[in-house]
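Peer 1: Following this message is one structure expressed as structure tokens.
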Amino acid sequence: SSERFLGQGYKVVGVDCNPIMYSRSCTHFKNYIEKGQLILIDKCIDSVDNEERNFYIQPNCEVWSSLNKDIAERVNSSETVKVKTITLRTLIETYGVPRYCKIDIEGHDGIAIDSLFGMSELPEIISCETECLGKNVDPKSHDFLSNVRKLHDLGYTKFFLENQRNNPRP
Numbered sequence: 001s002s003e004r005f006l007g008q009g010y011k012v013v014g015v016d017c018n019p020i021m022y023s024r025s026c027t028h029f030k031n032y033i034e035k036g037q038l039i040l041i042d043k044c045i046d047s048v049d050n051e052e053r054n055f056y057i058q059p060n061c062e063v064w065s066s067l068n069k070d071i072a073e074r075v076n077s078s079e080t081v082k083v084k085t086i087t088l089r090t091l092i093e094t095y096g097v098p099r100y101c102k103i104d105i106e107g108h109d110g111i112a113i114d115s116l117f118g119m120s121e122l123p124e125i126i127s128c129e130t131e132c133l134g135k136n137v138d139p140k141s142h143d144f145l146s147n148v149r150k151l152h153d154l155g156y157t158k159f160f161l162e163n164q165r166n167n168p169r170p
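Just so we're aligned, residue 1 is where the sequence shown starts under the working numbering, counting upward by one.
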């Protein structure tokens with residue numbers, strides 16, 4: 001989605017702590033970064049700023065990499081790297097309130113949403129996942145609507161839920 005918004009002239013702030021994906025993005029979006037249209041931050045979204053966390057990289061499917069080892073290892077074992085943290089709240093306070101905020105952080109979407117409570121101004125639109133389960137989680141014990149409830153508690157009143165199983169990755 002970053003490429004689509006950049007192509008439409010929007011300013012984008014992107015966050016990715018996976019060193020492989022961050023490096024790939026820096027190369028791919030070099031022109032946008034040089035123009036100042038794209039700011040890339042190599043930290044992970046978490047509940048506190050400037051702490052170090054283990055981040056688990058899934059080499060066979062980098063988009064499944066996560067702060068949660070069980071999520072990163074849904075299929076195969078992962079590699080561990082140390083990453084620094086930042087809250088979504090700090091990003092918004094630093095770079096301004098975006099119109100659209102996409103949260104896709106493999107099991108930590110709720111943590112990002114939690115940091116928005118108490119803010120006077122919020123993004124108009126937030127996109128997040130309602131589920132991302134590790135291999136040891138019983139789906140029957142998971143509250144799939146917890147992030148929707150949090151967004152409702154923040155004041156959001158319109159929701160669109162899409163089953164990603166209907167849009168499988170190649």
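Just so it is clear, CB atoms sit at the ideal spot from N, CA and C, and this is done for glycine as well.
1) Go ahead and pull the three-state DSSP assignment for Ala31.
2) Specify the secondary structure class of Glu79 as computed by DSSP and reduced to three states.
3) Alpha carbon to alpha carbon, how far is Phe5 from Gly14?
4) Once the 5 residues before and after Thr87 are set aside, which same chain residues still bring their CB inside 8 Å of it?
5) Can you list, in chain order, the residues of its chain with a C-beta nearer than 8 Å to that of Asn147? Leave out the 5 residues immediately preceding and following it.
6) Would you mind reading off the limits of the beta strand (DSSP E) that contains Val12?
7) For Met21, I'd like the list of residues in its chain whose CB is within less than 6 Å of its CB, leaving aside the five on either flank, ordered along the chain.
8) Would a C-beta distance cut-off of 9 Å place Glu70 and Leu40 closer than the cut-off?
9) Closest to Glu34 by C-alpha separation, out of Val97, Arg74, Lys11 and Phe117, would be which residue?
10) Assign Thr94 to one of two classes, buried (16 or more other C-beta atoms within 10 Å of its C-beta) or exposed (fewer than that).
11) Could you name the residues that DSSP lists as bridge partners for Glu52?
12) Tell me where the alpha helix (DSSP H) around Lys102 begins and ends.
13) Could you tell me which residues DSSP pairs with Met66 in its beta bridges?
14) Between the Cα of Leu67 and those of Pro59, Val83 and Asn60, spot the shortest distance and give me the residue it belongs to.
15) Only counting the same chain, and skipping five residues up and downstream in sequence, which positions put a Cβ closer than 7 Å to that of Pro123?
16) By the three-class DSSP mapping on this structure, what secondary structure does Leu91 have?
17) Have a look at Leu154 and Asp104 and give me their C-alpha separation to the nearest angstrom.
18) Using a Cβ-Cβ cutoff of less than 8 Å, which residues in the same chain neighbour Leu151 once the five nearest sequence positions on both sides are dropped?
Peer 2: Quick answer:
1) Here residue 31 corresponds to residue number 31 of the sequence shown, with the count starting at 1. For the sequence presented, residue 31 should be read as Asn rather than Ala. Three-state DSSP puts Asn31 in a helix.
2) In the sequence shown, counting from the first residue as 1, residue 79 sits at position 79. The answer is strand: DSSP assigns Glu79 an E or B state.
3) Along the sequence shown, read from residue 1 onward, the residue named residue 5 stands at position 5. Along the sequence shown, read from residue 1 onward, the residue named residue 14 stands at position 14. Each residue's Cα considered, the two are about 12 Å apart.
4) As a working note, residue 87 is residue 87 in the sequence shown. Answer for Thr87: Ile45, Asp46, Ser47, Val48, Asp49, Ala112 and Ser115, listed in chain order.
5) Here residue 147 corresponds to residue number 147 of the sequence shown, with the count starting at 1. So the qualifying residues of the chain are Asp109, Gly110, Ile113, Cys128, Glu129 and Thr130.
6) One-based indexing of the sequence shown puts residue 12 at position 12. Where Val12 is concerned, the enclosing beta strand (DSSP E) stretches over Val12 to Val15.
7) Position 21 of the sequence shown, counted from the first residue, corresponds to residue 21. Glu62, listed in sequence order.
8) Counting from 1 along the sequence shown, the entry for residue 70 is found at position 70. Counting from 1 along the sequence shown, the entry for residue 40 is found at position 40. It is worth fixing the name first, because residue 70 is Asp in this sequence and not Glu. Contact: no.
9) If you number the sequence shown from 1, residue 34 lands on position 34. Per the Cα distances, Lys11.
10) Position 94 of the sequence shown, counted from the first residue, corresponds to residue 94. Exposed, by the Cβ-count rule.
11) As a position in the sequence shown, residue 52 is number 52, starting the count at 1. For Glu52, which the question treats as bridged, DSSP gives the partners Lys84.
12) As a working mapping, residue 102 is identified with position 102 in the sequence shown. Taken as a continuous stretch (DSSP letters only), Lys102 belongs to no alpha helix (DSSP H), being part of the beta strand (DSSP E) at Tyr100 to Lys102.
13) Counting from one through the sequence shown, the residue named residue 66 turns up at place 66. For the record, residue 66 in the displayed sequence is Ser; it is not Met. DSSP, once it has assigned bridges, lists Tyr56 as partnering Ser66.
14) Translated into positions along the sequence shown, residue 67 becomes position 67. The candidate whose alpha carbon is nearest that of Leu67 is Val83.
15) Within the sequence shown, numbered from 1, the residue matching residue 123 stands at position 123. Closer than 7 Å at the Cβ level, and outside the excluded window around Pro123, lie Val97, Pro98, Arg99, Tyr100 and Cys101.
16) For the purposes of this step, residue 91 is taken as the residue at position 91 of the sequence shown. Of the three classes helix, strand and coil, the one that applies to Leu91 here is helix, per DSSP.
17) As a working mapping, residue 154 is identified with position 154 in the sequence shown. As a working mapping, residue 104 is identified with position 104 in the sequence shown. If you take the alpha carbons of Leu154 and Asp104, they lie about 19 Å apart.
18) Position 151 of the sequence shown holds residue 151. Only Ile113, Ile126, Cys128 and Phe159 meet the Cβ criterion.
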